[in-house]
Structure formats: C-alpha cells, structure tokens
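Participant: Below is the structure I would like to discuss, written out as structure tokens.
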Amino acid sequence: LSADDSLPQPFTAPSDADHDDTVRAVLAAAPSADEVWLFAYGSLMWNPACDFVEQRVGFVPGWHRSFCLGWDRWFRGSDSKPGLMLSLDRGGQCKGAVYRLPPDAIEDNLSRLFRREMRAKPSAHSPRWVNVRTENGPLHAITFVINRNSGRYVRGLSLEQIADALAVACGPWGSMADYLHSTVSHLEGMGIHDSQLWRLQELVAERIEAPTAGDLPAK
26 LSADDSLPQP
36 FTAPSDADHD
46 DTVRAVLAAA
56 PSADEVWLFA
66 YGSLMWNPAC
76 DFVEQRVGFV
86 PGWHRSFCLG
96 WDRWFRGSDS
106 KPGLMLSLDR
116 GGQCKGAVYR
126 LPPDAIEDNL
136 SRLFRREMRA
146 KPSAHSPRWV
156 NVRTENGPLH
166 AITFVINRNS
176 GRYVRGLSLE
186 QIADALAVAC
196 GPWGSMADYL
206 HSTVSHLEGM
216 GIHDSQLWRL
226 QELVAERIEA
236 PTAGDLPAK
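As structure tokens, this is what we get:
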C-alpha cells in the first residue's frame, strides 16, 4: 500500500459544538464517575495537552501501538512526503503512561485534548475507554484508537516500508524521525522497552545516514 493508495476523504474541522458533544458522550460512557484517566502511548506522553495530578505506567491488553494513521500531509508530513502517525489498533498489548485529570477541571481538559487529537471530521482517531493495569491496581482510561473504517487507516505495511516514510516525512510540527525518537526516549524513561520501535528507529537511522546519489564518489 502506497501513500497515494490511501488518500483521506475530504473533511472539515469539527466545530466547538462537535467537541462539546464528544466530551459529553465520552463522559456519559465513563465506567466510573470517580476518576478520569488518560492513556498515552505516543506524543501525548511528552505533550499530554491537558493538566494532570497523577502519573503512572500503564499496560493495556487487547490493543497495540501502530503507525497506522496516515497519510499525514499537514503536521509532520507534506504532499510529496507524507508521514504516518501512531494510533492504537486491535490485538496485542501496549505499555504507556496514564494521567489522572484534575477532578475539578475534567471537561475543560478533555475539551483541550480532543481539539488537539481530533482535528478532522469525521475523525480517524477516536476516543475510547480501555482497561488499564498499573502497579497500583486496575483502572479505566480514555485513549485514542484507530477507526478501521476510515480512509486514513493504513495496514499491511512492513517495518521497512514504514521506515521509508518516517525517514523523509517532515512538516510544520517537525519530522517523523524526531516523533519516533521522542516516543522511544520517553518510553525508555519510564522503563518501557519497545523492541519493535527500537528496530524501526534503527531502520530509519540507516535511511537517513545512507548516502544519496549526489554524495556518492564519481566513478
């Protein structure tokens, strides 16, 4: 599957009313009214886009971290070199950070969070409650999972194909290589070693460091 095979359908930005409706719907589906937690597995680990009063390491069964949200031409990619973003896809397991939101400002924080994570309508990246295991006991948390019915859902790529895209994609928010490095670094900082992300980082580094045709000595 190439970037051109998965062009996103035309979309519009959600309105304030759309975001408010999403916040209400998510809170109405909350398994517990006592606490609201956020599970972060990518950029939300180093930029959670919300305030929090507690942080833990969390383990989510049934979902895995995947570069399956494509093709990004606006933030860390371009029309000619689109990128792939992380989302959660079904199957496997995932470790990341869980943040407990301030109980007196839950709606405000979710509103800020959804405005950052859900920039297109319809969204390919949907909020969902998941079960999280922590050293201090189980909890429920909001996270973002891929909408498999979205035109932006990308699957079937090998690590090599993903590395090809991440090594060259760059946009206003920075490069995909930096995005990958930050994810790996923050996971390691929490004592989480994701061997697949490490291998992907090695493949991306090989591509970045490889000489281009213009750098090769003349024969």
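Under the numbering used here, the sequence shown is numbered contiguously, ending at residue 244. Virtual Cβ for every residue (Gly too), placed ideally from N, Cα, C.
Which residues mark the beginning and the end of the alpha helix (DSSP H) in which Met201 is found?
Facilitator: Counted from its first residue, the sequence shown places residue 201 at position 176. Taken as a continuous stretch (DSSP letters only), the alpha helix (DSSP H) holding Met201 covers Met201 to Gly214.
Participant: Determine, for Gly108, whether the minimum Cβ-Cβ distance to residues of chain B falls below 8 Å.
Facilitator: No chain B is present in this structure, which holds just one protein chain.
Participant: May I have the straight-line CA-CA distance separating His44 from Phe139, to the nearest angstrom?
Facilitator: Walking along the sequence shown from the start, residue 44 turns up at place 19. Walking along the sequence shown from the start, residue 139 turns up at place 114. The alpha-carbon atoms of His44 and Phe139 are separated by roughly 7 Å.
Participant: Report yes if the CB atom of Phe84 is closer than 8 Å to the CB atom of Arg137, and no otherwise.
Facilitator: Residue 84 sits at position 59 when you count from the first residue of the sequence shown. Residue 137 sits at position 112 when you count from the first residue of the sequence shown. No, Cβ-Cβ distance for Phe84 and Arg137 is not below 8 Å.
Participant: Could you give the distance in angstroms between the alpha-carbon of Tyr178 and the alpha-carbon of Asp46?
Facilitator: Locating residue 178 in the sequence shown gives position 153, counting from the first residue. Locating residue 46 in the sequence shown gives position 21, counting from the first residue. Straight-line Cα distance between these residues: approximately 24 Å.
Participant: Just how far apart, CA to CA, sit Glu227 and His218?
Facilitator: Here the question's residue 227 lines up with position 202 in the sequence shown. Here the question's residue 218 lines up with position 193 in the sequence shown. Approximately 14 Å, taken between the alpha carbons.
Participant: Taking the beta strand (DSSP E) that Asn156 belongs to, which residues open and close that run?
Facilitator: Taking the first residue of the sequence shown as position 1, residue 156 is located at position 131. Residues His150 to Val157.
Participant: Are the stretch 90-101 and the stretch 186-204 touching by the rule of at least three beta carbon pairs closer than 8 Å?
Facilitator: Yes, the stretch 90-101 is in contact with the stretch 186-204.
Participant: Three-state secondary structure (DSSP) at Arg144?
Facilitator: Locating residue 144 in the sequence shown gives position 119, counting from the first residue. DSSP places Arg144 in coil when its eight states are reduced to three.
Participant: I need the straight-line Cα distance from Ala145 to Ala190, nearest angstrom please.
Facilitator: The count along the sequence shown starts at 1 and reaches residue 145 at position 120. The count along the sequence shown starts at 1 and reaches residue 190 at position 165. The straight-line gap from Cα to Cα measures roughly 22 Å.
Participant: Quick one: grab the DSSP three-state call for Ser105.
Facilitator: Position 80 of the sequence shown, counting from 1, holds the residue named residue 105. Reduced to three states, the DSSP call for Ser105 is coil.
Participant: Are Asp76 and Pro128 closer than 8 Å when you measure CB to CB?
Facilitator: What you label residue 76 is simply residue 51 of the sequence shown in a count that begins at 1. What you label residue 128 is simply residue 103 of the sequence shown in a count that begins at 1. Contact: no.
Participant: Please check the pair Ser91 and Ser112, which I expect to be a contact at CB under 8 Å, by giving their CB distance rounded to whole angstroms.
Facilitator: The sequence position of residue 91 within the sequence shown is 66, counting from 1. The sequence position of residue 112 within the sequence shown is 87, counting from 1. Right, the Cβ-Cβ distance comes to about 6 Å (below 8 Å), so this counts as a contact.
Participant: Thinking C-beta only, is Val82 closer than 8 Å to Gly216?
Facilitator: The sequence position of residue 216 within the sequence shown is 191, counting from 1. The sequence position of residue 82 within the sequence shown is 57, counting from 1. Closer than 8 Å, so yes.
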